[in-house]
Structures are given as structure tokens and as C-alpha cells.
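Written below as C-alpha cells is the structure these notes are about.
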Amino acid sequence: MGTYWHFEYIDADGIDEIRKAVRQNIFYGATLIKLIADTSSSYSSLEEIREAVKVAHKAGLAVAVHVVVDEPTKNAILGGVDSIEHGFYLSDSVLLLMKEKGTVLVGTDFPLKHLLEGGQDTPENAKTLANTIAGRLRRAHKIGVKMGFGTDIVVDLPNENRAEMRWDYLEVWRTADVPAAEILKCMITNNAELLRIDRERGAIRPGFAADIVAAPANPLEDIEALRRVYFVMKNGKIVRRP
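The sequence shown maps to residues -17 to 224 in this note's numbering.
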């Protein structure tokens, strides 16, 4: 992996290295700390996770953890992280623990056509993973896990740019029977709270940043209306108009 890996990541093993890596990121201006806790069968320990959370939270930063299966996810939850990224294969017992601890699930719920384009060796495996992801999203919603809407655009699709491809994820949320109002909450309110900017963004109210979009239809009735946003205001300035 060489240069690519070291450009993207800091390898840290043990509490001292974890502490140093988090502090290094904070020093260089990170506004959120993300850990990868399950890149091998040797998962990050509960003590390592707790130390990362301790240092990050002291600096006022949230901690997100890349993880997909139960055991390392338990360490992350019990270690006090703010969010689980992905979590494709989580059991109901772990989802219940997330609900109990208030840990947010940012599921990056890949649509089938994205999985078919890359990342899976056969169409059958892509379909299996797509069903697993949608099923986990359905179970998380039913259990009442707090969720944030997140994407993970790692493929190139013909006739779609990356901004357009994020809306493909709506299909998965609809398949999982998540109501439009809840999807919007996960996109806006929950994400603002997770990123610790909910005192300035995530709502339309006096004193907040004026971040406003308009679509030709009510997204509470048709969530796909978000694909057709025609007006954008950012920080009170119009950056797109009809």
C-alpha cells in the first residue's frame, strides 16, 4: 500500500500511539476524528478506543469509527464513540446497545447498482450484500437507533456525477421502509447534532446560518424531489437560483 496508505492514514497500535495520532490530527486542524477499528482480525481494544475518545472529546471533537461487524463495534460503542460508520453486519443486540448508549449509525447504505459497479466479485455477492445492508437499515430504524444519512461514493457511474450519485442511496432507505420525514431528520437535524454544529446549523431559526434549499415538490411526500433542488442559499448568499 505504501505511499497511498500513509497519505490517507496514520497507523497506531497501543494506547500511546493512539493518543499521539489523535493529538497530531487535532494539532493540524481536524474537526472530527475517525478511527478504523477492524481492518484485521486483531481489533482495536476497548482501552484504545477509550483513549482516542478521551483525547478527542477533551478537544470538543466527535469520534467516528469505521467498523462492519459486531465485536469491534461493541468496543467502539462501550468506548464512547459518537458514531459507527458502515456497520453492515450488525446484530440486533449490538443495535440495541447503540440505542442504549446513544451511538449514531451512519450506515453508508450502498445501493445495488453501486455494488454491481465495483467492490463485489460477482453480481450474486453484490445482491446479497445489498439485501444485508437494507435489512440492517430496516432493523436499526425499527429498533430506534439514532441515525445519520451518509454516503460513500467509491465508484463512477455513467451519466451521473458524484453529487447525483448520493441520491441513489434514497432507494435503499425507501426499501427499508424509513419514512421521508425520518430520512430528512437523519440528513439535517441528526447530522448537525453529530457534528456538533447544531447551535448554528440544522434548522431555520433566528441566529442560525441561512442554509436553505428549495425543490419543485414536497420531499415529505416525494423524497426523490431532493434530486431536483433548484434553489440553494449558503450562509445567507444565493449560490443557485432557477
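Built from N, CA and C at the ideal position, the CB exists for glycine as well.
None of the values given here were measured: they were computed from a predicted structure.
Looking only at its own chain, which residues have a Cβ that is under 6 Å from the Cβ of residue i, when we skip the five neighbours before and after it?
| i | result |
| --- | --- |
| alanine 192 | Met215, Gly218 |
| leucine 86 | A quick correction: the sequence has valine, not leucine, at residue 86. Only Ser65, Lys128, Gly130, Leu176 meet the Cβ criterion. |
| lysine 83 | Ile59 |
| glycine -4 | none |
| alanine 108 | Leu97, Leu98, Gln102 |
| leucine 79 | Ile59 |
Are the beta-carbon atoms of residue i and residue j separated by less than 8 Å?
| i | j | result |
| --- | --- | --- |
| valine 154 | proline 93 | yes |
| alanine 174 | histidine 123 | no |
| aspartate 74 | arginine 32 | no |
| alanine 41 | isoleucine 8 | yes |
| arginine 178 | alanine 3 | no |
| arginine 118 | glycine 189 | no |
Taking only the alpha-carbon atoms, compute the straight-line gap between residue i and residue j and give it to the nearest angstrom.
| i | j | result |
| --- | --- | --- |
| aspartate 138 | glycine 100 | 9 Å |
| alanine -6 | alanine 196 | 44 Å |
| valine 49 | glutamate 67 | 6 Å |
| asparagine 172 | lysine 128 | 8 Å |
| valine 160 | threonine 110 | 20 Å |
| methionine 147 | isoleucine 15 | 25 Å |
| tyrosine 71 | lysine 81 | 16 Å |
| isoleucine 115 | alanine 145 | 21 Å |
| tyrosine 212 | valine 88 | 27 Å |
| methionine 169 | asparagine 143 | 20 Å |
| leucine 17 | alanine 112 | 24 Å |
| leucine 77 | isoleucine 125 | 7 Å |
| alanine 34 | aspartate 180 | 23 Å |
| glycine 194 | glutamate 182 | Note that residue 194 is isoleucine in the sequence shown, not glycine. Those two C-alpha atoms are separated by around 13 Å. |
| alanine 162 | leucine 152 | 9 Å |
| isoleucine 0 | isoleucine 165 | 34 Å |
| serine 23 | tryptophan -13 | 19 Å |
| glycine 11 | threonine -15 | 22 Å |
| arginine 5 | phenylalanine -11 | 17 Å |
| threonine 13 | arginine 187 | 24 Å |
| glycine 184 | glutamate 203 | 20 Å |
| histidine 39 | asparagine 141 | 42 Å |
Excluding the 5 residues flanking residue i on each side, which residues of the same chain have their C-beta closer than 7 Å to its C-beta?
| i | result |
| --- | --- |
| arginine 231 | Residue 231 lies beyond the range of the chain shown here (-17 to 224); nothing can be said about it. |
| aspartate 20 | Val49, Val50, Val51, Pro54 |
| leucine 28 | Asn57, Leu60, Gly61 |
| proline 224 | Tyr212, Phe213 |
| threonine 90 | Glu67, His68, Gly132, Thr133, Asp134 |
| tyrosine 25 | Ala19, Glu53, Pro54, Asn57 |
Enumerate in chain order the residues of its own chain whose CB-to-CB distance from residue i is below 8 Å, with the five nearest sequence positions on each side excluded.
| i | result |
| --- | --- |
| alanine 207 | Ala197, Pro198, Ala199, Asn200, Pro201 |
| arginine 156 | Ile205 |
| valine 136 | His96, Gly100, Gly101 |
Count the other CB atoms within 10 Å of the CB of residue i; is the residue buried (16 or more) or exposed (fewer)?
| i | result |
| --- | --- |
| serine 65 | buried |
| valine 63 | buried |
| glutamate 30 | buried |
| aspartate -2 | exposed |
| tyrosine -9 | exposed |
| valine 221 | exposed |
Given 7 Å as the limit, tell me if residue i has its C-beta closer than that to any heavy atom belonging to the ligand FAD.
| i | result |
| --- | --- |
| leucine 98 | What this structure holds is no ligand at all, so the ligand FAD is not there to describe. |
Any beta carbon from chain C within less than 8 Å of residue i's own beta carbon?
| i | result |
| --- | --- |
| lysine 95 | Included in the structure is just one protein chain, with no chain C present. |
Q | Ordered list of alpha helix (DSSP H) runs contained in the stretch 45 to 92, each at least 4 residues | A | Listed in chain order, they are 52 to 60, 74 to 83.
(Q) In chain order, what are the residue ranges of uninterrupted alpha helix (DSSP H) at least 4 long that sit wholly in the stretch 92 to 177? (A) For the stretch 92 to 177, whole alpha helix (DSSP H) runs of length 4 or above, ordered along the chain, are 94 to 99, 105 to 125, 144 to 147, 151 to 157, 162 to 169, 171 to 176.
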